[in-house]
Amino acid sequence: MIPQISQAPGLVQRVLDFLAALKQSGFNGDTATSYADRLTMATDNSIYQLLPDAVVFPRSTADVALIARLADEERFKALTFSPRGGGTGTNGQALNTGIVVDMSRYMNRILDINVEQGWVRVEAGVIKDQLNQYLRPFGYFFAPELSTSNRATLGGMINTDASGQGSLVYGKTSDHVLGLRAVLLGGDMIDTRVMPTPLAETIAQEDTPEGRIYHTVLNRCREQRALILEKFPKLNRFLTGYDLRHVLSDDLQTFDLTRILTGAEGTLAFITEARLDITPLPKVRRLVNVKYDSFDSALRN
Ligand SMILES: Cc1cc2nc3c(=O)[nH]c(=O)nc-3n(C[C@H](O)[C@H](O)[C@H](O)COP(=O)(O)OP(=O)(O)OC[C@H]3O[C@@H](n4cnc5c(N)ncnc54)[C@H](O)[C@@H]3O)c2cc1C
Numbered sequence: 020m021i022p023q024i025s026q027a028p029g030l031v032q033r034v035l036d037f038l039a040a041l042k043q044s045g046f047n048g049d050t051a052t053s054y055a056d057r058l059t060m061a062t063d064n065s066i067y068q069l070l071p072d073a074v075v076f077p078r079s080t081a082d083v084a085l086i087a088r089l090a091d092e093e094r095f096k097a098l099t100f101s102p103r104g105g106g107t108g109t110n111g112q113a114l115n116t117g118i119v120v121d122m123s124r125y126m127n128r129i130l131d132i133n134v135e136q137g138w139v140r141v142e143a144g145v146i147k148d149q150l151n152q153y154l155r156p157f158g159y160f161f162a163p164e165l166s167t168s169n170r171a172t173l174g175g176m177i178n179t180d181a182s183g184q185g186s187l188v189y190g191k192t193s194d195h196v197l198g199l200r201a202v203l204l205g206g207d208m209i210d211t212r213v214m215p216t217p218l219a220e221t222i223a224q225e226d227t228p229e230g231r232i233y234h235t236v237l238n239r240c241r242e243q244r245a246l247i248l249e250k251f252p253k254l255n256r257f258l259t260g261y262d263l264r265h266v267l268s269d270d271l272q273t274f275d276l277t278r279i280l281t282g283a284e285g286t287l288a289f290i291t292e293a294r295l296d297i298t299p300l301p302k303v304r305r306l307v308n309v310k311y312d313s314f315d316s317a318l319r320n
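All residue numbers for the sequence shown refer to my numbering, where the first residue is 20 and numbers rise by one.
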């Protein structure tokens, strides 16, 4: 007799039905419900632990769209989903008692590069060091830095708007994202990029999921502009969350939906691809050692 792999504890029939329906719909990735698989996704770098019911590993944007389309069906509305990259997040954002969608196992291909125009296109599961290793022979690198660069994914970096060492010079992840491919609940796909505001207004009139999103975001950001400018802290790295401040440019001439997705912690869409700007490798590196007379004065500075 083949020993049964433990499904325990608490796996619900609806989850098994979802996974079966996913397979039937042509999903090419993997699904996992063993206790061991679920346990590996139950923690990240936070103090929390949440055991998911299942883990799915999509191979492509099409696979992610299948997940999102099925998730929107009435019979599966009670299920919850969290995208996950390297699982190095510090606030438990990738944890979920429902279904974890692991973007790192297969969606880790570097798709395209244009050195003349200074960009690279990647899947969301590409790891930051993997990308820089690829870019080095071209004389470029992806500039936003973070301590977990050997395992954090671009999808995770984009969704936490990561930054670290060197950020005074190079800024944060959102400063280097030119466009995103995102899958919405329901399975619709959108491609974001900076555009003249009149074009965004035209899209906002379309009776499509994308049009309705443009309509809401454009109107909300305009109507609440004064409040947003007053309340959002004027710091270089001011938040993880919905960056309503930068959706419209300061002169209001351009609109970029990308800015609302960067930092959204996976709450708005599954990011499947990103077009990122690349920076020439510095010829010289310098370390500046600033000495303070007290801890307090260092903090104040
Ligand atoms: C030792 C240590 C040092 C760290 N140092 C830094 C640092 O210097 N700077 C810094 O900014 N952070 C730092 N972090 C935090 C963490 O590494 C970053 O938040 C990183 O960007 C997370 O990437 P990840 O791939 O591990 O994402 P995960 O932890 O897997 O996910 C993070 C969030 O992104 C969402 N997400 C992931 N992929 C997608 C996707 N494809 N689509 C939609 N949503 C997605 C998840 O749902 C979750 O909300 C550190 C963490 C540790 C453990």
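All C-beta atoms in this analysis are idealised placements derived from N, C-alpha and C, irrespective of residue type, glycine included.
G175 and Y125 do not touch by the CB rule: their CB atoms are close to 16 Å apart, not below 8 Å. For ligand 1, a non-hydrogen atom lies closer than 7 Å to the CB of L165.
Per the coordinates, the alpha-carbon of G230 lies some 30 Å from the alpha-carbon of I297. The beta carbon of G106 lies closer than 6 Å to those of D63, A113 in the same chain, with the five residues before and after it left out.
In this structure, ligand 1 has a non-hydrogen atom nearer than 7 Å to the beta-carbon of N64. In this structure, DSSP gives F95 a helical state, which the three-state scheme calls helix. Taking a contact as a CB-CB distance under 8 Å, the pair I279 and V213 does not count as one, their CB atoms being some 12 Å apart. Put simply, of S44, F76, Q68, T109 the residue whose alpha carbon is nearest the alpha carbon of T52 is F76.
Counting the other CB atoms within 10 Å of its CB gives Y189 a total of 16 or more, which places it among the buried residues. In this structure, M208 has its CB at a distance of at least 7 Å from all heavy atoms of ligand 1.
Judged by DSSP secondary structure, G230 falls within the alpha helix (DSSP H) whose first and last residues are 228-242. Taking all protein chains shown into account, V34 has 16 or more neighbouring C-beta atoms within 10 Å of its C-beta and is therefore buried. In the DSSP assignment, E220 falls outside any beta strand (DSSP E) and within the unbroken alpha helix (DSSP H) covering 216-223. Of the residues T281, T109, N255, the one whose Cα lies closest to the Cα of V266 is T281.
Listed in chain order, the beta strand (DSSP E) runs fully inside the region 53-94 are 73-76, counting runs of at least 3 residues. Straight-line measurement puts the Cα of L165 at about 7 Å from the Cα of Q184.
For A201, the enclosing beta strand (DSSP E) starts and ends at 196-202.
Taken in chain order, the whole alpha helix (DSSP H) runs of length 4 or more contained in the region 122-168 are 147-154. Under DSSP, L295 shares a beta bridge with V139, V196.
Nearest C-alpha to G108 among D131, G45, L41, G285: G285. Counting only the Cα atoms, S79 lies some 16 Å from V119. Put simply, of L58, S316, T172, D121 the residue whose alpha carbon is nearest the alpha carbon of V141 is T172. Residue pairing for F289: DSSP places it in a beta bridge opposite V202.
R103 is bridged by DSSP to D121.
Excluding the 5 residues flanking it on each side, A97 has same chain C-beta neighbours closer than 7 Å at R33, in chain order. Its chain contains A84, A87, R88 as the residues whose beta carbon lies nearer than 6 Å to that of G206, once the 5 sequence neighbours on both sides are disregarded; these appear in chain order. Taking one beta carbon from each stretch, the region 208-224 and the region 306-314 have fewer than 3 pairs nearer than 8 Å; the two do not touch. Less than 8 Å separates the beta-carbon of F95 from that of F37. R212 is bridged by DSSP to G198.
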